[in-house]
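Written out below as structure tokens is the structure these notes cover.
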Amino acid sequence: MTRALVAGEQRMLREAIAAALGLEDGVKVVAQAASGQEAVSAARVCGPEVALISTRLPGAADGREPPCGDGIDTIHALRLAVPGCRSLVVFGGAPGPGQVRSALLAGAAGYVHTGLPFADLVAGVHAVAAGHAVGDPEVLRAARRIGRSPLSGRERQILRRVATGADTADIARELSLTVGTVRNHLSAAVRKLAARTSVDAVRIAADHDWLRDPG
Numbered sequence: 001m002t003r004a005l006v007a008g009e010q011r012m013l014r015e016a017i018a019a020a021l022g023l024e025d026g027v028k029v030v031a032q033a034a035s036g037q038e039a040v041s042a043a044r045v046c047g048p049e050v051a052l053i054s055t056r057l058p059g060a061a062d063g064r065e066p067p068c069g070d071g072i073d074t075i076h077a078l079r080l081a082v083p084g085c086r087s088l089v090v091f092g093g094a095p096g097p098g099q100v101r102s103a104l105l106a107g108a109a110g111y112v113h114t115g116l117p118f119a120d121l122v123a124g125v126h127a128v129a130a131g132h133a134v135g136d137p138e139v140l141r142a143a144r145r146i147g148r149s150p151l152s153g154r155e156r157q158i159l160r161r162v163a164t165g166a167d168t169a170d171i172a173r174e175l176s177l178t179v180g181t182v183r184n185h186l187s188a189a190v191r192k193l194a195a196r197t198s199v200d201a202v203r204i205a206a207d208h209d210w211l212r213d214p215g
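For the record, in the sequence shown the residue sitting at position 97 is 97 according to UniProt numbering, with numbers rising by one throughout.
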């Protein structure tokens with residue numbers, strides 16, 4: 001019997017997944033969690049073998065556990081807190097190699113996404129419990145080929161703000177930089193990513209999950 005924890009930010013979806021898994025032979029849902037801290041706390045008590053973790057899972061600073069910023073951070077925290085628990089990350093849509101790479105580096109054993117049939121989720125739980133990698137083989141291979149981000153911390157900061165629609169003047173004001181300095185950082189990011197424009201640089205960085213600060 002595989003002991004499973006289900007962690008997700010949307011209560012209705014989380015409870016539906018937990019209820020459906022509970023009807024499957026060989027799976028017992030031992031806990032649910034609505035935040036990173038809840039997931040880590042529950043895992044310490046219940047000792048699940050597999051944790052289904054939504055990438056959108058929020059943290060919750062309750063003072064009892066180290067803060068977990070999102071689902072990827074939670075996977076890392078679970079690996080440290082409960083080494084015997086293997087994580088299956090649940091993306092809201094089909095992920096790119098960069099997103100999968102971040103999950104694998106955090107310690108995920110594989111991934112599924114909400115566009116797949118429920119049977120694939122069940123199969124993923126059993127496969128992860130058996131020690132297998134889960135996910136599209138081509139995406140997993142591409143994820144493992146991705147190198148480290150070439151962007152500096154400041155370039156990541158600026159590209160994240162470009163992604164929200166901020167212009168150079170807004171970014172300069174927010175980061176206490178000159179407009180010229182912001183433009184220089186954008187030019188460097190465009191060059192490093194072999195992009196055509198700053199918007200193209202944001203797209204490339206997002207596809208590789210390079211907008212996230214390294215953990």
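Where is the CB? At the ideal position from N, CA and C, for every residue including glycine.
For clarity, every value in this text was computed on a predicted model and none was experimentally measured.
Which value, in whole angstroms, describes the spacing of the CA atoms of residue i and residue j?
i: P83; j: A130; result: 15 angstroms
i: A39; j: Y111; result: 17 angstroms
i: G147; j: H208; result: 9 angstroms
i: L13; j: A19; result: 10 angstroms
i: A109; j: D136; result: 13 angstroms
i: S54; j: R161; result: 24 angstroms
i: L177; j: N184; result: 11 angstroms
i: A133; j: A127; result: 7 angstroms
i: A4; j: S87; result: 10 angstroms
i: R141; j: R101; result: 10 angstroms
i: A42; j: L21; result: 18 angstroms
i: R191; j: A172; result: 20 angstroms
i: R212; j: A33; result: 24 angstroms
i: G96; j: K28; result: 31 angstroms
i: G153; j: G26; result: 46 angstroms
i: R156; j: A189; result: 8 angstroms
i: S187; j: E49; result: 47 angstroms
i: R144; j: G107; result: 13 angstroms
i: G165; j: P117; result: 35 angstroms
i: G98; j: E24; result: 32 angstroms
Grouping DSSP H, G and I as helix and E and B as strand, with all else coil, what is residue i?
i: S35; result: coil
i: T2; result: strand
i: T178; result: coil
i: A195; result: coil
i: T164; result: coil
i: L211; result: coil
i: Q10; result: coil
i: I75; result: helix
i: D70; result: coil
i: L151; result: coil
Return the bridge partner residues of residue i from the DSSP annotation.
i: V90; result: S54, V112
i: K28; result: R3
i: V134; result: G110
Which same chain residues end up closer than 7 angstroms to residue i when comparing Cβ atoms and leaving out the 5 residues on each side of it in sequence?
i: A94; result: H113, G115
i: G71; result: I53, S54, T55, R56, L57, V89
Counting only the same chain and skipping the five closest in sequence on each side, list residues whose C-beta sits under 8 angstroms from that of residue i.
i: C46; result: R3, L5, V30, A31
i: R44; result: A81, V82
Here's a check: name, in chain order, each residue in its chain whose Cβ is nearer than 6 angstroms to the Cβ of residue i, leaving out the five neighbours to either side.
i: R203; result: none
i: A124; result: The sequence shown places Gly at residue 124, rather than the Ala named in the question. L88, V112, V134.
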